[in-house]
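Number of protein chains: 2
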Amino acid sequence: MSEPSRRGPYAKGVARRQQILREALAAYAESDSSGPSLRSIAARAGLSERGLLHYFPARDELLVAILAERDTADRASFDADTPLDDLAAVAAHSARTPGLVRLFLEMSAAAPDPDHAAHGFFTRRYRDLREVVARKFRRSGGGNPAPAVDPEFAARILIAASDGLQAQWLLDPSLDLTADLSRLAKLLESAVSR
Amino acid sequence: MSEPSRRGPYAKGVARRQQILREALAAYAESDSSGPSLRSIAARAGLSERGLLHYFPARDELLVAILAERDTADRASFDADTPLDDLAAVAAHSARTPGLVRLFLEMSAAAPDPDHAAHGFFTRRYRDLREVVARKFRRSGGGNPAPAVDPEFAARILIAASDGLQAQWLLDPSLDLTADLSRLAKLLESAVSR
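As they're listed, the protein sequences go chains D and U. Going letter by letter, the first sequence gives residues 995 to 1188 in my numbering. Going letter by letter, the second sequence gives residues 995 to 1188 in my numbering.
Structure representation (structure tokens):
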């Protein structure tokens, strides 16, 4: 085998992986919440299903790589310098791709298994994302008046935060679920119907 | 076959199911986040694995029934009359049973599939829980001073709520992810480091 170089087979493999991931994101963008089949992703990339899996060690590795590629694409619109409120723009993007939302949920449910392809990705993702978002709050926090919120909003958020924190806690048991939820309940209570 | 009666085979089946679910919760309470095997739950109930599945149409039906049984047990300590802050006590219970937290996450990832055993359970659970929690906020909200929060707390909550809201939204696409997250970001910003 020839030495890998920028123009050699290694670079070709990298370029092909990138192309597959771009096609996969495009396929998810056109799909409903059940997501596209591996076969249809492969077809878009001009490959058979077996040919597709030649570029990724296993099916789950491909699925995690698709989520990582979405993060890279989202980061273009949400990085350390964009304001906090732009996280909502990322959510709006999610709302247009329910298949990726469901894939995210499935992989996050698999992530607590240390042998699963999603374990490292989710552990790093939560750690890095918490840092980036905390830095934004440090810059922008304080001074603004609290918005008034309705009880239904408060309920959705408290339940959502409880579920989402448990997913983070499975990967980082040092988080204090009880303290966080108790403080959030107090914060929401203070803002309800003012 | 004899007519089912309180003392007949039907009642016996119900009692046996209840016993299996109690044993399952006890097995989860003693397990780490990977959870107990079906075999060990069966053994606690004096059954083989095949015998265990005689009482539930399928494995997933048993797993969803275990989550429903946990909710019933939690409801004893968290119902419509207990104050909001007691949701934190439910979280504290979760923190002692990581296997159930992981089972919850796995089943909630499967719930968007309308044919999955978890679909009806999670759809009802979110709807009912949102109502109960909103009623609590309606009673208790307003008037209290907002607690000061640190940027790391704000980051954990915003990320958790984003993930948790997406799980609710997959089951109820009428939820407005973007509006909810934007409002939560503003509420957290107003409370950071005051």
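Glycine included, each C-beta is placed from N, C-alpha and C at the ideal position.
Output the distance between the C-alpha atoms of residue i and residue j, rounded to the nearest integer angstrom.
i: U/Glu1024; j: U/Ser1187; result: 40 Å
i: D/Gln1013; j: D/Ala1037; result: 12 Å
i: D/Leu1123; j: U/Ala1059; result: 35 Å
i: D/Arg1118; j: U/Ser1042; result: 41 Å
i: U/Ala1086; j: D/Arg1150; result: 20 Å
i: D/Pro998; j: D/Arg1044; result: At D/Pro998, the pLDDT of 48 sits below 50, so the modelled position is not reliable and the matter cannot be decided from this model.
i: U/Thr1066; j: D/Arg1064; result: 39 Å
i: U/Pro1167; j: D/Glu1125; result: 30 Å
i: U/Ala1070; j: D/Glu1055; result: 42 Å
i: D/Pro1139; j: U/Leu1181; result: 8 Å
i: D/Val1143; j: D/Ile1035; result: 43 Å
i: D/Pro1092; j: D/Ala1083; result: 15 Å
i: D/Gly1007; j: D/Tyr1120; result: 29 Å
i: U/Arg1090; j: D/Asp1170; result: 12 Å
i: D/Ala1062; j: D/Arg1011; result: 13 Å
i: U/Arg1016; j: U/Ala1009; result: 11 Å
i: D/Leu1047; j: D/Leu1019; result: 16 Å
Distance cutoff 8 Å, beta carbons only. Does residue i sit that close to anything in chain D?
i: U/Arg1124; result: yes
i: U/Val1058; result: no
i: U/Gly1158; result: yes
i: U/Ser1134; result: yes
i: U/Val1008; result: no
i: U/Arg1016; result: no
i: U/Ala1154; result: yes
i: U/Leu1041; result: no
i: U/Asp1026; result: no
i: U/Ile984; result: In the structure as shown, chain U starts at 995 and stops at 1188, and residue 984 of chain U therefore has no counterpart that could be examined.
i: U/Arg1069; result: no
According to DSSP, simplified to helix, strand and coil, what is residue i?
i: U/Met995; result: Unreliable positioning characterises U/Met995 in this predicted model, as indicated by a pLDDT of 46, which lies under 50. A coordinate reading is not provided.
Since residue i contacts residue j with CB under 8 Å, what's their CB separation in whole angstroms?
i: U/Pro1030; j: U/Ala1039; result: Actually they do not touch by this definition, with Cβ atoms about 12 Å apart.
i: U/Ser1027; j: D/Pro1077; result: Between D/Pro1077 and U/Ser1027 the Cβ distance is about 36 Å, and since that is not below 8 Å, they are no contact.
i: D/Phe1131; j: U/Pro1145; result: 4 Å
i: U/Ala1179; j: D/Asp1079; result: 6 Å
i: D/Ser1088; j: D/Leu1081; result: Wrong, their Cβ atoms sit about 11 Å apart, outside the cutoff.
Within the 8 Å Cβ cut-off, does residue i reach chain U?
i: D/Arg1090; result: no
i: D/Leu1171; result: yes
i: D/Asp1065; result: no
i: D/Phe1131; result: yes
i: D/Phe1147; result: yes
i: D/Leu1181; result: yes
i: D/Arg1121; result: no
i: D/Val1127; result: yes
Three or more C-beta pairs under 8 Å: does that hold for the region 1095 to 1111 of chain U against the region 1148 to 1161 of chain D?
Short answer: they touch.
Taking one C-beta from the region 1111 to 1118 of chain U and one from the region 1048 to 1064 of chain U each time, how about it: are there three or more such pairs within less than 8 Å?
At 8 Å Cβ cutoff, the stretches touch.
Can we say the region 1139 to 1156 of chain U touches the region 1173 to 1180 of chain U, given the rule of at least three CB pairs closer than 8 Å?
The region 1139 to 1156 of chain U makes contact with the region 1173 to 1180 of chain U, as at least three CB pairs between them are under 8 Å.
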